[in-house]
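Every position in the sequence shown, counted from 1, becomes a number in this note's numbering once 35 is added.
Following: one structure in structure tokens, then a few remarks.
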Amino acid sequence: MNSFTSITPMLERQAIELPSWAFGNSGTRFRVFGTPGTPRTPQEKIADAAQVHKHTGLAPTVALHIPWDKVDDYAALRSFANEHGVDLGTINSNTFQDEEYKFGSLAASDPAVRRRAIDHHRECIEIMHQTGSRDLKIWLADGTNYPGQDDIRRRQDNLADSLVAIYAELGDEQRLVLEYKFFEPAFYHTDVPDWGTSYVQVSALGEKALVCLDTGHHAPGTNIEFIVAQLLRLGKLGSFDFNSRFYADDDLIVGAADPFQLFRIMAEVIRGGGMDADSPVAFMLDQCHNVEAKIPGQIRSVLNVQEMTARALLIDRDALELAQFEKDVLGANAVYMDAFYTDVRPALSEWRASRGLPADPMEAFATSGYQEGIAAQRVGGTQAGWGA
Ligand code: PSV
Ligand code: MN
Ligand code: MN
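Written out as structure tokens, the structure is:
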């Protein structure tokens with residue numbers, strides 16, 4: 036197995052973007068639970084996100100969702116973030132909560148609806164210029180509920196045309212990442228249901244368009260690390276939305292349901308160069324904390340990613356390749372599993388402390404008094420965009 040010291044340069048550059056919506060109240064369609072201290076403004080969400088970075092050194096940027104995080108002055112919002120030790124990251128568009136989008140947005144049959152959705156993305160790109168964001172992330176709720184409801188092939192053409200119009204607006208340094216999801220809110224067909232469709236659509240656009248892989252957006256049993264390997268091989272893996280799920284799009288803490296899956300994904304990311312210094316792959320959380328405390332929930336999440344990354348980096352690639360070459364099936368599997376079963380927490384704590392970070396970020400936050408402070412100061416926190 037590789038030594039811990041040999042993997043710290045890779046760990047050093049690990050960055051996991053936090054979603055602003057993770058800090059708002061959320062729940063399910065049955066109930067949204069309030070929490071004391073919930074942010075009331077985008078600024079307060081950013082301040083909370085900055086706590087995660089302060090205690091872990093892992094989360095230097097915060098993703099915004101428009102219009103949930105709409106402000107008058109985005110440059111000022113960026114300065115606010117910088118003053119808190121973080122920066123603004125991905126801009127997420129939103130074409131799923133307005134009445135006009137009942138039958139879709141970028142893939143809709145109605146040209147006026149498509150135009151409206153394209154204009155919204157133009158506005159997002161304008162915001163990206165002000166926030167200094169590189170990535171525009173598009174997730175669409177588009178789809179149908181009944182066979183025959185709409186022409187599913189024509190909708191692909193509509194989507195392609197809409198994406199061309201958006202892509203044309205991107206600046207040289209900007210990128211578009213197209214996220215896929217196999218179902219929900221549409222149940223019969225979804226217009227971007229899988230990595231293949233996303234790949235086909237972004238490939239038609241050009242180099243600045245890539246696929247976003249949300250770990251919660253697959254059918255149970257899907258081999259996600261294979262998708263990772265394939266997209267990296269094709270040079271089209273742009274970003275991750277990390278979360279975990281038991282049943283559907285649960286948006287639970289990444290690594291909570293199946294740490295081994297997270298390990299396997301990170302092993303394939305590393306194998307494909309996705310953690311190299313010049314890698315185009317961006318890592319983000321896409322989670323909601325319905326019943327647990329939000330800031331510690333995010334701290335736990337980035338630590339889970341760090342722990343499984345460290346374990347995946349420990350895989351002795353030479354020994355693995357040799358065993359694979361020699362057709363030593365169980366030997367190869369043992370090399371892989373040895374790394375997975377290594378508890379890296381003590382080494383990570385020590386390494387963290389050596390870099391001036393808390394050895395135990397969960398404990399450091401719990402004893403910082405921050406949570407008590409916001410609970411006393413903030414009344415009437417906002418609901419995150421996701422109620423389901
Ligand atoms: C809806 O499934 C979703 O959870 C997608 O994963 C998006 O990334 C997220 O909402 C925010 O728009
Ligand atoms: Mn997502
Ligand atoms: Mn989702």
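For glycine and all other residues, C-beta sits at the position ideal for the given N, C-alpha and C.
Aspartate 276 is bridged by DSSP to Asp249, Met319. Relative to ligand 3, even the nearest heavy atom lies 7 Å or more away from the CB of lysine 329.
About 5 Å separates the Cβ atoms of serine 128 and histidine 156, confirming a contact at the 8 Å cut-off. Non-local beta-carbon contacts of alanine 367 in its own chain, meaning distances under 8 Å to residues more than five positions away in sequence, involve Leu355, Ala358, Gln359 in chain order. In the DSSP annotation of this structure, leucine 269 is not part of any alpha helix (DSSP H), being labelled neither H nor E. Taking 8 Å as the upper bound for CB-CB distance, aspartate 177 and serine 140 are in contact here, some 6 Å apart. Taking 8 Å as the cut-off, the Cβ atoms of alanine 317 and aspartate 170 count as close.
In the structure shown, the three-state DSSP call for valine 337 is helix. For lysine 89, the three-state secondary structure derived from DSSP is helix. Taking non-hydrogen atoms of ligand 2 into account, the C-beta of tryptophan 174 is found less than 7 Å away from one of them.
Beta-bridge pairing by DSSP links histidine 100 to Asn127. Boundaries around isoleucine 162 are those of the alpha helix (DSSP H), 146-166, since no beta strand (DSSP E) includes it.
Using a C-beta cut-off of 8 Å, the segment 402-422 makes contact with the segment 53-69, since at least three inter-stretch Cβ pairs fall below that distance. In the three-state reduction of the DSSP assignment, glycine 231 falls in the helix class.
Annotation: valine 212 is outside any alpha helix (DSSP H); the continuous beta strand (DSSP E) that includes it extends over 210-214.
Looking at Ile162, Cys159, Thr130, Glu158, the one whose alpha-carbon comes closest to that of valine 148 is Thr130. For proline 381, the number of other beta carbons within 10 angstroms of its own is below 16, and it is reported as exposed. Look at the beta carbons and you see the segment 262-271 not touching the segment 36-51: under three pairs across the two are nearer than 8 Å. Counting the other Cβ atoms within 10 Å of the Cβ of glutamate 327 gives fewer than 16, which makes it exposed. Listed as beta-bridge partners of glutamate 52 by DSSP are Met319.
For the options Arg390, Ile409, Met45, Gln184, the alpha carbon positioned closest to that of serine 144 is the one of Gln184. Sequence-distant Cβ neighbours of alanine 411 in its own chain, meaning closer than 6 Å and more than five residues away, do not exist here.
With respect to the 8 Å criterion, valine 289 and serine 336 are classified as neighbours on the basis of their beta carbons.
A Cβ-Cβ separation of about 6 Å places leucine 99 in contact with leucine 123 under the 8 Å criterion. Below 8 Å, enough C-beta pairs join the segment 241-249 and the segment 199-217 to call them touching: three or more. Not a single heavy atom of ligand 2 lies less than 7 Å from the C-beta of glutamate 204.
Taking the CA atoms as reference points, aspartate 373 sits about 18 Å from asparagine 339.
By the criterion of a C-beta distance shorter than 7 Å, isoleucine 305 is surrounded in its chain by Ala347, Leu348, once the five residues flanking it on both sides are discounted. For histidine 253, the distance from the CB to the nearest heavy atom of ligand 1 is not below 7 Å.
A distance of 8 Å or more separates the beta carbons of isoleucine 334 and phenylalanine 277. With a threshold of 7 Å, the Cβ atom of aspartate 321 counts as near ligand 2, since some heavy atom of the ligand is closer than that. Shown here, alanine 239 sits in coil according to DSSP, grouped into three states, outside any helix or strand. With 16 or more neighbouring CB atoms inside 10 Å of its own CB, alanine 221 falls in the buried class. A heavy atom of ligand 2 is found nearer than 7 Å to the CB of glutamate 214. Of the candidates Tyr202, Asp108, Arg188, the residue whose Cα lies closest to the Cα of glycine 241 is Tyr202. Boundaries of the alpha helix (DSSP H) around isoleucine 187: 187-202.
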